[in-house]
Amino acid sequence: MVWQLVMLWVFHWSSQILTPYSPVNDMIGGGPFNLEPGMWTDDTSLALCLIDSLIHKQGFDPIDQLSRYLRWYQEGYLSVIAEYFDIGNTTQQALMTFKETGEPYPGPKDELSAGNGSLMRLEPIPLFFMSYPNLAIELSGKSSRTTHNHPYAVDACRYMGSLIHGAVIGIDKEKLLSPRYSLVDGYWDENPLAPAIDEVAAGSFKDKEPPEIRGRGYVVKSLEAALWAFYNSESFKEGCLLAVNLGEDADTTGAIYGQIAGAYYGASAIPEKWINKLSK
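Residues 236 to 515 in the working numbering are what the sequence shown spells out, letter by letter.
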């Protein structure tokens, strides 16, 4: 279970700055940090920190999670190159607040903080709490609040947590992507999503195409882009290439797509030659 979880998360793409003339059709290196094929970015490093915390604490401990995120930032803990790189402004602000105050949920709440930095690392939460559906959704949201406290970021995590749980237990794609799917009947009626996230949950990604679909750092756009790639593909590889070829914040679009697709298709669906390229 643990190693499957790690594999699903480690398979995230190096950041790519793409143009319409340079589509990605395989796992490649490069990007703004000149990474080798199979190296990972901050998305995976922070997910590994979260996995590490859940295992060591045998539960949800926001202080421990933040301590490990801070170690990544200060020491390169679980980074592929032994030092941090590519930290988002909101995450950095939250970590500095935590360092000064020890507050367990220091994530900023302002509108400029509605980024994708918590959604990109989410998957360990719903997998760890798979036996407790309500708790899995609740803690998916709380896991965002350690660094991203804006309602859009929190609710993107709650909704994705529900989707991941459903995918793992074998819910078919049509039902999974039906309007406002929840693993608990009536959950969103009693615990409504923020309007922009609710629009995505209602299926906005089904009726759009690029350039309206964009892989940006704004969490609403990131969630929509990842679900668009999942909806419009029939395999892990096909959807992954759709996601990263949107460009812009490509590693995070790929990371978010990889969560739902990995949960749905399983680790065996990842091309073996991609797995063999992963940095050890």
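The C-beta atom is built at its ideal place from N, Cα and C for all residues, glycine as well.
These figures come from a predicted structure and were not determined experimentally.
What's the gap between the Cα of residue 375 and the Cα of residue 408? 21 Å
Going along the chain, which unbroken runs of the alpha helix (DSSP H) with 4 or more residues stay wholly within the segment 330–385? 359–363, 368–380
Within its chain, find whatever has a CB closer than 7 Å to the CB of residue 361; leave out the 5 residues flanking it on each side and keep chain order. 371, 375, 396, 399, 400
What does the Cβ neighbour count give for residue 523, buried or exposed, with the cut at 16 atoms within 10 Å? Given a span of 236 to 515 for the chain in the structure shown, any question on residue 523 remains unanswerable.
Given residue 323, which residues of its chain have a CB within under 6 Å of its CB, disregarding the five upstream and five downstream residues? 350, 352
Quick one: what's got a C-beta closer than 6 Å to residue 499's C-beta in the same chain, skipping five residues either side? Closer than 6 Å at Cβ, skipping near neighbours: 402.
Answer with buried or exposed for residue 256, where buried requires no fewer than 16 other C-beta atoms within 10 angstroms of its C-beta. Caution is warranted here: a pLDDT of 49 is assigned to residue 256, below 50, making its placement in the model unreliable, and the coordinate value is therefore given only provisionally. Exposed: under 16 other Cβ atoms inside 10 Å.
On the three-pair Cβ rule with 8 Å, is the segment 266–283 touching the segment 483–496? yes
Taking 8 Å as the threshold (C-beta atoms), are residue 460 and residue 481 in contact? yes
Check residue 428 in the structure and name its three-state DSSP category. coil
At what residues does the alpha helix (DSSP H) containing residue 463 begin and finish? 454–466
From the DSSP output, in three-state form, read off residue 265 for me. Note: residue 265 maps to strand in three-state DSSP.
Closest to residue 464 by CA distance: which of 412, 342, 368, 390 is it? 412
Look up residue 270 in the DSSP assignment and say whether it is helix, strand or coil. strand
Skipping 5 residues on each side, what residues in its chain have a beta carbon closer than 7 Å to that of residue 492? 461, 464, 465, 474, 475, 478
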